[in-house]
Structure formats: C-alpha cells, structure tokens
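Our numbering puts the sequence shown at residues 831 to 1409.
First comes the structure, then the notes that go with it.
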Amino acid sequence: MAARLPFGDRQDHEDVRRGFIATIPDGVIRTQSGTVVWNLQEYAFLSGADTPPTVNPSLWRMAQLNTANGLFEVAHGIYQVRGLDIANMTIIEGATGLVVVDTLATCDVARAALELYYAHRPRRPIVAIVYTHSHVDHFGGVKGLVSEADVRAGRVRIIAPDGFMAAVGGENVLAGLPMARRAQFQFGGLLPRGERGQVDAGLGKGIARGTVSLIAPTDVITGAIETRTIDGVEIVFQLAPETEAPAEMHMFYPGLRVLNMAENATHHLHNFIPLRGAVVRDPRMWSRYVAEAMDRFGPMTDVLIGQHHWPVWGRDAVRQHLGRQRDLYKHIHDQALRLMNLGYRPAEIAEALELPPGLDECWSVRGHYGTVSHNAKAVYQRYLSWYDANPANLNPLPPSHAAAKTVEYMGGAVEVIRRARDDFAGGEYRWVAQVMSHVVFADPDNREARELAADAFEQLGYQAESATWRNAYLYGAQELRQGVAKLPPRPVLSPDLLAAVTTETVFDLVAVRLNPERAADHRMRINWSFTDTGERAVLNLEHATLTYTLGKTATGARASITTTRRTLDAIAVRRGPEI
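Dropping the structure here:
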C-alpha cells in the first residue's frame, strides 16, 4: 500500500488547516450539568507521525486529517465549524443575520459550535437554517441554535429538500432501534479510543452524544433547481434525491462562488448502503447529480465545500475532485452490473471488482467509509434482491441450526478449533472468522471458540482501510470477549423527533411494535381524536395486524379516545420493543 498510494502528497494536510481561526478550550464539550458529549482529548494518540502496526496506514492518515477542528474561514462571508461532531456546520453571513447550513447531531455541540463562531465574529441572529438532507447529524442540533417559537413567529426559516420529513420518519423512527444497535458496530462508540481501538469513523471522529431535536421545515425545495435569496444571500438549490440520503440537495452560492455538495462528494468512497442499515442508495443517480452540479456550477466555482471533511480550493482542483467522485460511483455501479450479467453472485462480485488505475490511487476515492466490496453487494441487492439465485440459499436453516450441523459434519468443535488455529497462524483471518462463527452459533458458551473468533476479528480490524469495517470487527471482538454491553435504558427516539413526524408515522411505529402472539385473539376498532392537532383516526386490529384510517370516525368502535398527539407519542415509545 505504501508503494501504491501517494503518501508524500501533502495537499489535504494543507487544505484541512487552511482558514483556521480558533477552536474550543481543551477540545471538550459538556452539557450544562457537566456531562461530556464530545471529547477530542481521546484522540491525542493520533498526533504521532508513525503509523502503528495495528492500524492500516491509509486509515491512520485519514484519522489524523479528521482531528482538525474548530472555526475556519472558507471564503469571504462563509465559515465552517468542523471537528466538533461527525458533520460540519456551515455559516453564511447575510446582510443582517446568519444562514446556517446543517446543525450537527445534538443541541449541545450545535450550541458550542455557534458560540465558537460568535467568539470571533459579530453576534448576528440566525435568519434561516438549511437541512441538506435527512440524516440526524444534519438536523438534530437545531434547538441548540433556534427555538420553535422563533420559527413559528417567522423570525427563522427552516429550509429542506422535498421528502425530508418522510425520510426522517422512515429511517430514524420505524427502524430506529435496530439501527441504533448496528450503529455501535459501524461507529465504534463503545470501543476504547486508541491504536488498538477506535481511531476514526471515516466521515469524522464519531457522533456526538446529547439531546437530538427536530423542527419541521417551513420552506421545502420541490423543483429540480430553485433559487432563493435569503437575507441578501442568493442560493441556488439542486435536488439530489436517492443519493447519499433519500432526501438531499446541493447548493451553489453565486455571490460567493462556493459550491456545497452536502454529503455527495466527500474525500473518500461513501456507502451505497451503510453497515448500520438503510434503504439501498442509487449510485447511478448519485453519479448523475454530481455530474450535473459539476457541469452547471463548476465553471463558476472557486471553492467546493461539503457537510463533512474539508474544502477544495481552485477551479481545476474542484473539477478534478468532482470528476473523480462522479466516475467512482458510476464505475462501481456499472461494473457490478456487468459482473451480474456474467452470472457472478454478490460475494464473487465483491471479490472481483476493483477500481481502475488512475482512480484507485487517489486519496479522495479510498474506502475509508464505504468499501468497493460492500458497495458492490449493495448494487446486487438493489437490482436483484438478497437472493443470489442459488436454491440452497432460498430457504436455509437459521444460523444456530445450520452451525450445529456444520460443526457436526466437520468433526466437532474441538477438531474445527484445532484446524482453525493452524489457519490463523497462516494468516487466513477471513476464513477463521467465518468458520469460528459456526462454532460460536452452535455453542455460544464455547470460550475457546469465542476467543479465537475475537482474535480473527481483531486482525481483520487492524488490516481494514475502512473505519467502519475496523469498528465493526473490533466491536465484534469486544462483545465476544466481554459480552454485550449493559447500557442504562434510554429512548432511541427523542421526543422532538417523534413530535415532528406525522401521526401516520407514529401509528406505523405502534404497528411495528405489535406482538402478534398476544394480539392473535383480539379484534377491535378504536376511534382517536387529537385535541391539539384536530386530527381524527380509526385504529383497526384484526389478524394480529394493526391498520389505520386517517380523517375518519367509525361507528360501533370498541372505544373512542380523545387525547393529544403527545400522549400517542408517549405510548409509541414506552420502554420495551413490543406492545
């Protein structure tokens, strides 16, 4: 890798520090009660120049770049706060106030970011907040910046892309519990920081802790290209749906000659599907929207920014960066489909597909977050589903049953472990991890198997260029050795997040938590009337399935409930996964 990649190229190291003004004291952000929600001191070990043997050199480089933090001037009148969460906050100075693009993930870090800006720039009011897309690290801190009362009074506009609220409800609400669990593997939040633990998350250091909030948009961008002038700042919006998020948009600021690509042109390969889980993204359209932005805005752009990572300065450099991102996503999409047409299955495609020379050695396309391997599988899933057309995989035994039979056929756990130790000594860590998974699923209490599986995961993590793969492997190893972490109970969904979504989404959340065995013998209809929203609905339970009709009242209902939406929200998120 050292011979193939341009480690001597220092351009990113210069760009990541360009325009630096100041940062927060001690690199620590606390709540008013003193709870630490962001701590950059944990990453002091990254100041070492030499890559340790337990970290991939390419990932070590990215982890060092992602430690840059503070307030930065991008161009005259536009600033970014970077490194105080996984995402960036962009602040544009208008005639009388500020336009803030993305709010970070939680209220406490958002408030700290704004105060850092105010410590060095005039204390102007926020007149508008723009959500670039529907992921929580781009809207969750909004109430750390403005109040809902200011928004209702019209003093602050909230601007978002078409489909924003539906995407927030679908991805963050209905599947919030399993996503939160899987996110621990993707981001490594429960791993120790250090050369043998979490070093980075690819897009940044990690996701801040604290209170997640949401204020619904007041101004939705619905046209493919729309222009707004906000406090004297002209902004051209370009919708880019079904790319990195279901609802996403780019922005061009003509007066500043700055192009903001949201999260669609980061300094690495992104995910077609993240390890935490999501709907598969469309890399073909992703590439097309990058190309459209490049063609429409590129000739007028002096600075390229995003809501992660650092800017790119200079028209030639901007065009080169966007061209690489355009070709990166299109190449993986096209070549995965080519191999599918040749009869390759997902794992075979992942093994065979490579980036072409001239692209593969560029830092801005390396797999520090997404990987060619799992993105290629995502393309297969998008077009052909989970089924690989091998009938043996159509209705396989559940993992524990299949594992027990596999281990039995292989001569028993003792023999499997003995042979796996030889393969481990030979460096066949992928195979050892795979075969030890069978032994652990067959006998979860087999300590020897758990330790060997953990050793294999650990080695795979140390080798991984992707921060998310490293975190997943190392967290898997930690759980094998220590068991599942027992965390204090806390709601996966914040009250603000739930309150901001539609009543339809809340009823859907209640429905997906229904235990069918407990509901099997029940049949009923319930009328709901919400005094605070004026909404009515009929909830129907039949065949152990909960359905609903909005705007109706049923005659002969089992019960009629008059209450508030807040009460329904509380029912939907009460402790426990089922009702």
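Idealized CB from N, CA, C, for every residue including glycine.
Quick caveat, the model's predicted, so the values are computed rather than measured.
Excluding five sequence neighbours on each side, which residues of the same chain lie with their C-beta closer than 8 Å to the C-beta of residue i?
i	result
ALA852	GLY900, LEU901, LEU946, ALA949 and HIS950
MET1081	VAL931, VAL960, THR962, ILE1065, VAL1066, PHE1067, GLN1068, LEU1089, ASN1090 and ALA1092
ASP992	VAL1050, ILE1051, THR1052, LEU1069, PRO1071 and ALA1077
Excluding the 5 residues flanking residue i on each side, which residues of the same chain have their C-beta closer than 6 Å to its C-beta?
i	result
THR1041	THR936 and CYS937
ARG941	GLY974
LEU1376	ALA1341 and LEU1344
ARG1212	VAL1110
TYR1159	PRO1113, TRP1116 and SER1117
Any idea if residue i is buried or exposed, counting beta-carbon neighbours within 10 angstroms, 16 or more meaning buried?
i	result
ARG891	buried
TYR1378	buried
GLN1155	buried
TYR1303	buried
THR1131	buried
ASN1225	exposed
GLY1200	buried
GLY1006	buried
MET1354	exposed
GLY1173	exposed
GLU922	Looking at the sequence itself, residue 922 is Ile, so the reference to Glu does not match. Result: buried.
ASP1285	buried
SER877	exposed
ALA1123	buried
ASN1101	buried
MET849	The amino acid at residue 849 is misidentified as Met; the sequence shows Gly. Buried.
PRO1221	exposed
ASN1171	exposed
TRP1358	buried
TRP1216	exposed
Could you please give me the residues that DSSP links to residue i through a beta bridge?
i	result
LEU1089	PHE1082 and LEU1134
THR1379	VAL1368
MET1354	LEU1371
THR1057	VAL1066
TYR909	GLU903 and ILE921
PHE850	PHE902
ILE1051	PRO991
HIS963	GLU1078
PHE1360	THR1393
LEU928	GLU923 and ILE956
TRP1143	VAL1133
VAL859	Correcting the residue type first, residue 859 is Ile in the shown sequence and not Val. TRP868.
ARG1280	According to DSSP, which records beta bridges pairwise, ARG1280 is partnered with nothing at all.
GLN1028	ARG1023
Who are the near neighbours of residue i in its chain, counting only those whose CB is closer than 7 Å to its CB and skipping five residues on each side?
i	result
PRO1176	LYS1207, TYR1210 and ASP1218
ALA1166	ILE1179, LEU1183, ALA1206, VAL1209 and TYR1210
GLU978	ILE1045
HIS1151	ALA1095, LEU1134, VAL1142 and SER1194
THR881	PRO887 and TRP890
Straight-line CA distance for residue i to residue j?
i	j	result
GLY1032	THR1332	33 Å
PHE1337	ALA1402	8 Å
TYR1292	THR1298	12 Å
TYR873	THR1392	52 Å
MET995	VAL1003	11 Å
ASP932	ASN1301	26 Å
VAL1202	LEU1380	44 Å
LEU1169	PRO1186	15 Å
ALA893	ASP1112	28 Å
LEU870	ASP856	8 Å
TRP1116	GLU1025	34 Å
ILE1103	THR1057	31 Å
ARG1251	GLY1257	10 Å
ARG1011	SER1043	20 Å
GLU1238	VAL1246	10 Å
THR1394	ASP1326	15 Å
LEU1371	GLU1334	16 Å
THR1052	MET1079	10 Å
ARG834	ARG840	16 Å
GLY1027	GLU1001	28 Å
GLY1128	VAL998	30 Å
TYR1259	GLY1313	21 Å
THR926	ALA943	20 Å
HIS1352	ALA1374	7 Å
Can a CB atom of chain E be found closer than 7 Å to the CB of residue i?
i	result
GLU1072	Looking at the structure shown, chain E is missing, and only one protein chain is on hand.
Does the beta-carbon of residue i, which I'm using as the reference point, lie nearer than 6 Å to any heavy atom of the ligand COA?
i	result
ILE921	Inclusion of the ligand COA in the displayed structure is not the case, the ligand content being empty and no account of it being possible.
* Between the region 1052-1067 and the region 1023-1038, are three or more C-beta pairs nearer than 8 Å? -> Under the Cβ criterion (8 Å, minimum of three pairs), the region 1052-1067 does not count as touching the region 1023-1038.
Next item on the list: Check whether the region 1107-1116 touches the region 1085-1093, taking contact to mean three or more Cβ pairs, one atom from each stretch, closer than 8 Å.
Entry: Output reads no: the region 1085-1093 does not touch the region 1107-1116.
Is there contact here, the region 1251-1269 with the region 1225-1238, by at least three beta-carbon pairs under 8 Å?
They touch, by the three-pair rule.
Three-pair Cβ contact test at 8 Å for the region 1066-1079 versus the region 963-972: Result yes; three or more Cβ-Cβ pairs closer than 8 Å.
Exercise. Determine, using beta-carbon pairs with one atom in the region 980-994 and one in the region 953-962, whether at least three such pairs fall under 8 Å.
Key: Output reads yes: the region 953-962 touches the region 980-994.
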